[in-house]
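Chemist: All residue numbers for the sequence shown refer to the working numbering, where the first residue is 5 and numbers rise by one.
Cβ atoms here follow ideal geometry from the backbone N, Cα and C, with glycine treated the same way.
This one's a predicted model, so the numbers in the text were calculated from it and none came from an experiment.
Please read through the structure below; I'll follow up with questions.
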Amino acid sequence: MNKEGLMLNSVLYNTLIDGYCKKGNMEKAVEISSQMIEKGLQPDIVTFCTLINGYCKAGQLVAAMGLYNEMTIKGYMPDVVAYSALIDGHFKNGYTDAALQLHKEMMGAGIAPNVFTINCVIDGLCKDGRINNAINFFLEQTKAGFSAEIGQLDSNHMGYRSPITLHIQS
Numbered sequence: 005m006n007k008e009g010l011m012l013n014s015v016l017y018n019t020l021i022d023g024y025c026k027k028g029n030m031e032k033a034v035e036i037s038s039q040m041i042e043k044g045l046q047p048d049i050v051t052f053c054t055l056i057n058g059y060c061k062a063g064q065l066v067a068a069m070g071l072y073n074e075m076t077i078k079g080y081m082p083d084v085v086a087y088s089a090l091i092d093g094h095f096k097n098g099y100t101d102a103a104l105q106l107h108k109e110m111m112g113a114g115i116a117p118n119v120f121t122i123n124c125v126i127d128g129l130c131k132d133g134r135i136n137n138a139i140n141f142f143l144e145q146t147k148a149g150f151s152a153e154i155g156q157l158d159s160n161h162m163g164y165r166s167p168i169t170l171h172i173q174s
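Written as structure tokens, this is what we have:
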């Protein structure tokens, strides 16, 4: 791209990395992040979160956690995006207790969950057969002032909406 007179900055590199992550091509995403460093640009929180999310979606939790550790060592504090990706990845790969531990760590760091985080936890608990835990979690979030509604859950949660909705409506 430099041949065409386009100077790549971190925003453009992060966009390329994100594109490769979304395609599931983590090898190319990491290659682009290495090129970014070679050009004198340091990865930022967006770079780390994008790669962590990509690794989680690819089921590469060891790589995701390694990058998470690298990020914190370099002084970048994980945000709700990084934690949500890790929480979702752990739930989707069957590591419910590890996902819940990450959620606890996030809350302990004073990072508030967003709708995606809450939906990940509810979905993960339900898929693990912990419907009562999911209901209690949702109720705790609403008591804490979170305004998410069960209606914000996407179609992947349809099988779990009924028990939660019935309990809340009772």
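1) For D83 versus C60, is the C-beta spacing smaller than 8 Å?
2) With 16 other CB atoms within 10 Å as the buried threshold, where does I126 fall?
3) Helix, strand or coil, according to DSSP, for K131 in the structure here?
4) Cβ of G58 within 8 Å of Cβ of A33?
5) Using beta-carbon positions only, say whether L129 and N97 come within less than 8 Å of one another.
6) For T47 and N29, I'd like the C-alpha separation in whole angstroms.
7) Which residues in the same chain have their Cβ closer than 8 Å to the Cβ of I36, if we skip the five residues on either side of it in sequence?
8) Taking a contact to mean a Cβ-Cβ separation below 8 Å, would you say F52 touches M81 in this structure?
9) Let's see if you can read the secondary structure: which residues bound the alpha helix (DSSP H) around K32?
10) What residue from K27, F142, E31, E42 has the CA that sits closest to S14's CA?
11) Which residues mark the beginning and the end of the alpha helix (DSSP H) in which G93 is found?
12) Exposed or buried, L143, counting other C-beta atoms within 10 Å across all chains shown (16 or more means buried)?
13) Whose C-alpha, out of A86, F95, I139, F141, is nearest the C-alpha of K131?
Modeler: The short version:
1) Position 79 of the sequence shown holds residue 83. Position 56 of the sequence shown holds residue 60. C60 sits away from D83, with the two beta carbons spaced by 8 Å or more.
2) Here the question's residue 126 lines up with position 122 in the sequence shown. Per the 10 Å Cβ criterion, buried.
3) Position 127 of the sequence shown, counted from the start, is the residue given in the question as residue 131. Of the three classes helix, strand and coil, the one that applies to K131 here is helix, per DSSP.
4) To locate residue 58, count along the sequence shown from 1; it is residue 54. To locate residue 33, count along the sequence shown from 1; it is residue 29. The answer is yes: Cβ separation under 8 Å.
5) Numbered from its first residue, the sequence shown carries residue 129 at position 125. Numbered from its first residue, the sequence shown carries residue 97 at position 93. Not closer than 8 Å, so no.
6) Sequence index remark: in the sequence shown, residue 47 carries index 43 (1-based). Sequence index remark: in the sequence shown, residue 29 carries index 25 (1-based). The residue you asked about is not Thr; residue 47 is Pro in the sequence shown. Taking the straight line joining both Cα atoms gives about 18 Å.
7) In the sequence shown, residue 36 corresponds to position 32, counting from 1. Taken in chain order, the residues that qualify are Y17, L20, I21, Y24.
8) Taking the sequence shown and counting its residues from 1, one reaches residue 52 at position 48. Taking the sequence shown and counting its residues from 1, one reaches residue 81 at position 77. Cβ distance not < 8 Å, so F52 and M81 don't count as in contact.
9) In the sequence shown, counting from the first residue as 1, residue 32 sits at position 28. It spans 30-42 - the alpha helix (DSSP H) in which K32 sits, taken as one unbroken run.
10) Counted from its first residue, the sequence shown places residue 14 at position 10. The option with the nearest alpha carbon to S14 is E42.
11) Taking the sequence shown and counting its residues from 1, the one referred to as residue 93 is at position 89. Per DSSP, G93 belongs to the alpha helix (DSSP H) from 84-96.
12) Numbered from 1 along the sequence shown, position 139 holds the residue referred to as residue 143. So L143 counts as exposed.
13) For this step, residue 131 is matched to residue 127 along the sequence shown. Nearest of A86, F95, I139, F141 to K131, Cα basis: F95.
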